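Colleague:
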Amino acid sequence: MKQRDVVRMALGGVTSNKLRSALTMLGVLIGVSAVIILVAVGTGSSRQIEQRIDALGTNTLTVINTGRFGAARSVASTGTQSQAATLTLADVKQISNPNNAPDVESVSPVLSTSETATYQSASYSTTVTGSTPSYLTASDYTVASGRAITSTDVARHAQVVDIGSEVASNLFAVGSNPIGQQITLGSSNWLVVGVLASKGTSGTTDEDAVAIAPYTAVQDQLTGESQSFTELLVQGKSSSTLTLAQSEVEDILAAQNDTTVADLPFIVVNEESLLSTATSTTGTLTFLLGIVAGISLFVGGIGVMNIMLVSVTERTREIGIRKAIGAPKLAILLQFLIEAVVISLIGGAVGVGIGLIGSRFKIDGVQPAVAPDSILLAFGVAIAVGVFFGFYPANRASSLRPIDALRYE
Amino acid sequence: MTVSVADAAVGTTPRMPRPVISLRNVFKQYRMGDTDVHALRGISLEIGRGDFVGIMGASGSGKSTLMNIVGCLDVPTRGHFWLDGVDVRTLDDDDLARIRNRKIGFVFQSFNLLPRMSALANVELPLVYAGVRPNDRRARATRALEAVGLGERMDHYPSELSGGQQQRAAVARAIVTNPALVLADEPTGNLDTESSLDVMSVFADLHSQGRTVVLITHEEDIAGYTGRVVKLRDGQIVDDYEQDPAEARGTHVAHAEAGRAGESL
């Protein structure tokens, strides 16, 4: 008995009932292609989220003012219910001192306000951010034309502004140059010195509907001198030391405000941790999609077993004849097992093809990214399904007694 | 082991040819629902090399059970059975499969050819399980089909062959491994008279070439072809006699021709 002959007999079983074999393959095929496509959608969407978070800025911490100290400190120190907390220029100076915070690259105060920008008859609602030149680098803005605001502008309280691409296209006609034009923000006039390159949207915020100006001028003209900063944007030296930078910033702020880190009236948001949260969320999503697809592969396997059981019953007489003329148990077992494996193998191969084709299309706005692992996994599982679900019927066939099998009508 | 014991037994009587079949006080019982069925009750029988034996009996006489045991499809409950010197009682399923493959050629009442294979592929099948190389297989299967007069039609599928031709293909499959014993169970039971004559003449040829043929039948006419008739009733041998097959065949042919003449009227 040669292995080649057994394989030939098994292939004969697959081709003898083509429609049935094809329908059985369909179960495995759908399972395998579902695994590949759904895992690709999961991977694709997590990639998309990573890109969005990347757009927020590189290696940055955002210090957000929650406004009030906790109850414990306020009662002990002042006796009043609470005391307003502020982010001040002194804080900025302390953090930007490399002795205090060696892992901080730069710190930019952020003073945000919403204003209507107008130029001649056109107007557009925009976020005005008063800051320093380091803000542009920290939040990943690049100047498409003109120049960025400078520290000289900040020192001179110059009413100059870099506008986002969205603001430029809404205020100025196509082809006209915004650089050197005066626009109105609120009730004051500002000189446009630069237009920023487009960054796209991040979540609900339009990153291009912005105007960035020296914080000194924004305090003068828009918010008033006494206004404290809404945020501080801190850029770390590298992503690996960002957590270190975060604790340095927290320590400085605690010292500045005469309180403990736990009681700090500010939230320090770490982009890195945002990223890992988002990644783990999409990881869970990918896992769930994979499970759903895996279940359909399992159901496909049950289909293989079902058909193989039918096939064994239908071919009981054939098995009896083969045994009567001298087929050993193993030959019958292998014949049916290989038949099941061949069916799921072909189903798996076609499933991989369809999965790869299906992953080329955008699904619900997500461009699927095929994970090479998922192809190997799906294919391997398809073969395992054939062996696992083919074994029981094959074993049943090989255990038939020849006299019973021959008598079977 | 048992083979060597049997060989040793043969060694003590060197002038006697080793019998192909040797049954010693064989019993077979099995349960059918709540009742024990005693299918064979002490059968002792020897069939020599080159014999042509008919085993006769009504249904329920135990002849099918005997055929299953002689064909190594089943083992006796009690007693001994040597096939070509091998005690089959001690063998496991795969050993029995090997014995069936090498030493026995089966011919069934319902032909039992595999429908999705050509006649040639069907005849090759026992050689596949014997591990014969493809070229040898083809040559031997072709020779066997030519021997039964099917050389012209060996690429046909069973559904494209007449009943008689199918049974001849089945005979070719039975003899292709050159077995010690050809075992035919009611080989003409599904055939018309003319095809029966056709197939029986093939068996007569096999016998004249020196093959051992055991035929199980309930028809006197068919048993008439054989040189020895063993009659069973209720699981026991009730008659065992030798006859001149030529005489018996003569009456059978005359009988059949009379029948055919009647049909043509």
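Sequence order for the protein chains is A and B. Residue numbering for the first sequence follows the working numbering, beginning at 79 and increasing consecutively. Residue numbering for the second sequence follows the working numbering, beginning at 9 and increasing consecutively. Note that beta-carbon positions come from the ideal geometry of N, C-alpha and C, so glycine has one too. The structure presented is a predicted model; accordingly, all values stated were derived computationally and were not measured.
Count the other CB atoms within 10 Å of the CB of B/Tyr38; is the residue buried (16 or more) or exposed (fewer)?
Modeller: Here residue 38 of chain B is taken as the residue at index 30 of the second sequence, counted from 1. When all chains shown are included, B/Tyr38 counts as exposed.
Colleague: To the nearest angstrom, how far is it from the Cα of A/Val92 to the Cα of A/Ile421?
Modeller: Here residue 92 of chain A corresponds to residue number 14 of the first sequence, with the count starting at 1. Here residue 421 of chain A corresponds to residue number 343 of the first sequence, with the count starting at 1. Going from the Cα of A/Val92 to the Cα of A/Ile421 covers about 7 Å.
Colleague: Report whether the distance from the Cβ of B/Leu205 to the nearest heavy atom of the ligand ADP is below 7 Å.
Modeller: The model depicted lacks the ligand ADP and carries no ligand whatsoever.
Colleague: Mapping the DSSP letters down to three states, classify A/Leu484 as helix, strand or coil.
Modeller: Position 406 of the first sequence holds residue 484 of chain A. Helix at A/Leu484.
Colleague: Verify the CB distance criterion: does B/Asp163 have a CB-CB separation below 8 Å to chain A?
Modeller: What you label residue 163 of chain B is simply residue 155 of the second sequence in a count that begins at 1. So no, B/Asp163 is outside the interface.
Colleague: Under 8 Å, do A/Ala118 and A/Ala449 count as touching if we go by C-beta distance?
Modeller: The count along the first sequence starts at 1 and reaches residue 118 of chain A at position 40. The count along the first sequence starts at 1 and reaches residue 449 of chain A at position 371. Contact: yes.
Colleague: Of all the residues that make up the segment 404-422 of chain A, which are near chain B by a beta-carbon distance shorter than 9 Å?
Modeller: Taking 9 Å as the Cβ-Cβ cut-off against chain B, the residues of the segment 404-422 of chain A that qualify are Gly404, Ala405, Pro406, Lys407, Leu408, Ala409.
Colleague: Closer than 9 Å, Cβ to any Cβ of chain A: which residues of the segment 134-168 of chain B, in chain order?
Modeller: Answer in chain order: Pro134, Val136, Tyr137, Ala138, Gly139, Arg141, Pro142.
Colleague: At which residues does the alpha helix (DSSP H) containing B/Gln174 begin and terminate?
Modeller: The residue given as residue 174 of chain B occupies position 166 in the second sequence. It spans 171-183 - the alpha helix (DSSP H) in which B/Gln174 sits, taken as one unbroken run.
Colleague: Which of the residues in the segment 374-404 of chain A, read from start to end, lie with their CB under 9 Å from any CB of chain B?
Modeller: Flagged, chain order: Arg395, Glu396, Gly398, Ile399, Arg400, Lys401, Ala402, Ile403, Gly404.
Colleague: Using 8 Å as the limit for Cβ to Cβ distance, is B/Phe275 near chain A?
Modeller: In this structure chain B extends from 9 to 273, so residue 275 of chain B is not present and cannot be described.
Colleague: Under 8 Å, Cβ to Cβ, is there at least one residue of chain A near B/Asn76?
Modeller: Locating residue 76 of chain B in the second sequence gives position 68, where the first residue counts as 1. By this cut-off, B/Asn76 is an interface position.
Colleague: Whose C-alpha, out of B/Asp42, B/Leu48, B/Lys36, is nearest the C-alpha of B/Gly243?
Modeller: Position 235 of the second sequence, counted from the start, is the residue given in the question as residue 243 of chain B. Checking every option, the nearest Cα to that of B/Gly243 belongs to B/Leu48.
Colleague: Report back the beta-carbon spacing between A/Gly433 and A/Ile108 to the nearest angstrom; my notes put them in contact at under 8 Å.
Modeller: Stepping through the first sequence from its first residue, residue 433 of chain A is reached at position 355. Stepping through the first sequence from its first residue, residue 108 of chain A is reached at position 30. 10 Å between Cβ atoms; not a contact.
Colleague: Give, in chain order, every unbroken run of the alpha helix (DSSP H) that is at least 4 residues long and sits entirely within the segment 303-352 of chain A.
Modeller: Counting whole runs of 4 or more residues, the segment 303-352 of chain A contains the alpha helix (DSSP H) stretches 320-334.
Colleague: Between which two residues does the alpha helix (DSSP H) containing B/Arg39 stretch?
Modeller: Residue 39 of chain B sits at position 31 when you count from the first residue of the second sequence. Per DSSP, B/Arg39 belongs to no alpha helix (DSSP H); it is in the beta strand (DSSP E), 29-40.
Colleague: With 16 as the cutoff for other CB atoms within 10 Å, does B/Met75 come out buried or exposed?
Modeller: In the second sequence, residue 75 of chain B corresponds to position 67, counting from 1. It is buried - the Cβ of B/Met75 has at least 16 other Cβ atoms within 10 Å.
Colleague: Mind checking whether A/Ile261 and A/Ala323 have CB atoms under 8 Å apart?
Modeller: Mapped onto the first sequence, residue 261 of chain A falls at position 183. Mapped onto the first sequence, residue 323 of chain A falls at position 245. Contact: no.
Colleague: Closest Cβ-Cβ distance between B/Asn198 and chain A: below 8 Å?
Modeller: Walking along the second sequence from the start, residue 198 of chain B turns up at place 190. No, because no Cβ of chain A sits closer than 8 Å to the Cβ of B/Asn198.
Colleague: When burial is assigned at 16 or more other CB atoms within 10 Å of the CB, is A/Ala150 buried or exposed?
Modeller: Taking the first sequence and counting its residues from 1, the one referred to as residue 150 of chain A is at position 72. Low confidence applies to A/Ala150: its pLDDT is 43, below 50, so where it sits in the model is not reliable, and the reading given next is rough at best. A/Ala150 comes out exposed.
Colleague: Under 7 Å between beta-carbons, which chain A residues line up against B/Asp92? List them in chain order, please.
Modeller: Walking along the second sequence from the start, residue 92 of chain B turns up at place 84. The contacting residues do not exist; B/Asp92 stays about 15 Å from chain A at best.
Colleague: When DSSP labels each residue in this structure, what does A/Gln260 get in the three-state scheme?
Modeller: Counting from 1 along the first sequence, the entry for residue 260 of chain A is found at position 182. Note: A/Gln260 maps to strand in three-state DSSP.
Colleague: Using 8 Å as the limit for Cβ to Cβ distance, is B/Leu53 near chain A?
Modeller: For the purposes of this step, residue 53 of chain B is identified with residue 45 of the second sequence, where counting begins at 1. No, B/Leu53 lies away from the interface with chain A (no Cβ there is under 8 Å from its Cβ).
Colleague: Step through the CB atoms of chain A and report whether any lies within less than 8 Å of the CB of B/Asn120.
Modeller: Residue numbering aside, residue 120 of chain B sits at position 112 when the second sequence is read from its first letter. Yes - at least one Cβ of chain A is within 8 Å of the one on B/Asn120.
Colleague: Got a sec? Which residues, its chain only, sit under 7 Å from A/Ala88 by beta carbon, not counting five neighbours each side?
Modeller: Counting from one through the first sequence, the residue named residue 88 of chain A turns up at place 10. Around A/Ala88: Gln413, Ile416, Glu417, Val420.
Colleague: Run through DSSP, which three-state label would B/Phe2 get?
Modeller: The structure shown does not extend to residue 2 of chain B, since chain B is modelled only from 9 through 273, so no value can be given for it.
Colleague: To which residues of the same chain is B/Gly70 closer than 6 Å at the C-beta, ignoring the five residues directly before and after it?
Modeller: As a working mapping, residue 70 of chain B is identified with position 62 in the second sequence. Counting only Cβ-Cβ distances below 6 Å, and skipping sequence neighbours, we find Ala47, Leu48, Leu240, Gly243.
Colleague: Compare the C-beta of B/Leu31 with all C-beta atoms of chain A and state if any pair is closer than 8 Å.
Modeller: The count along the second sequence starts at 1 and reaches residue 31 of chain B at position 23. Not an interface residue.
Colleague: Can you tell me the Cβ-Cβ gap for A/Ala289 and A/Val239, rounded? I've got them flagged as a contact below 8 Å.
Modeller: Residue numbering aside, residue 289 of chain A sits at position 211 when the first sequence is read from its first letter. Residue numbering aside, residue 239 of chain A sits at position 161 when the first sequence is read from its first letter. Correct: roughly 5 Å between the Cβ atoms.
Colleague: In terms of residues, what are the limits of the beta strand (DSSP E) holding B/Arg49?
Modeller: Within the second sequence, the letter at position 41 stands for residue 49 of chain B. Note, B/Arg49: beta strand (DSSP E), 43-55.
Colleague: Taking Cβ positions only, does A/Lys80 come closer than 8 Å to chain B?
Modeller: Counted from its first residue, the first sequence places residue 80 of chain A at position 2. It does; some Cβ of chain B falls within 8 Å.
Colleague: Against chain B, does A/Ile481 count as a neighbour if the rule is that its beta carbon must be under 8 Å from one of theirs?
Modeller: Counting from one through the first sequence, the residue named residue 481 of chain A turns up at place 403. Yes, contact with chain B.
Colleague: Between B/Ala188 and the rest of its own chain, which residues show a CB-CB distance below 6 Å, the 5 nearest in sequence each way excluded?
Modeller: In the second sequence, the residue the question calls residue 188 of chain B occupies position 180. If we look at B/Ala188 and ignore the five residues flanking it on each side, its Cβ neighbours are Val28, Asp92, Lys111.
Colleague: Looking at the C-beta of A/Ser99, does it have a partner C-beta in chain B at a distance below 8 Å?
Modeller: The residue given as residue 99 of chain A occupies position 21 in the first sequence. False, the Cβ-Cβ gap to chain B never drops below 8 Å.
Colleague: Mind listing, in chain order, the continuous alpha helix (DSSP H) runs of no fewer than 4 residues lying wholly within the segment 196-250 of chain B?
Modeller: Taking only runs of at least 4 residues, the alpha helix (DSSP H) segments lying wholly in the segment 196-250 of chain B are 201-216, 228-231.
Colleague: Evaluate B/Glu194 with the Cβ neighbour count: other Cβ atoms within 10 Å of its Cβ, from every protein chain shown; 16 or more gives buried, anything less gives exposed.
Modeller: Translated into positions along the second sequence, residue 194 of chain B becomes position 186. Under this definition B/Glu194 is a buried residue.
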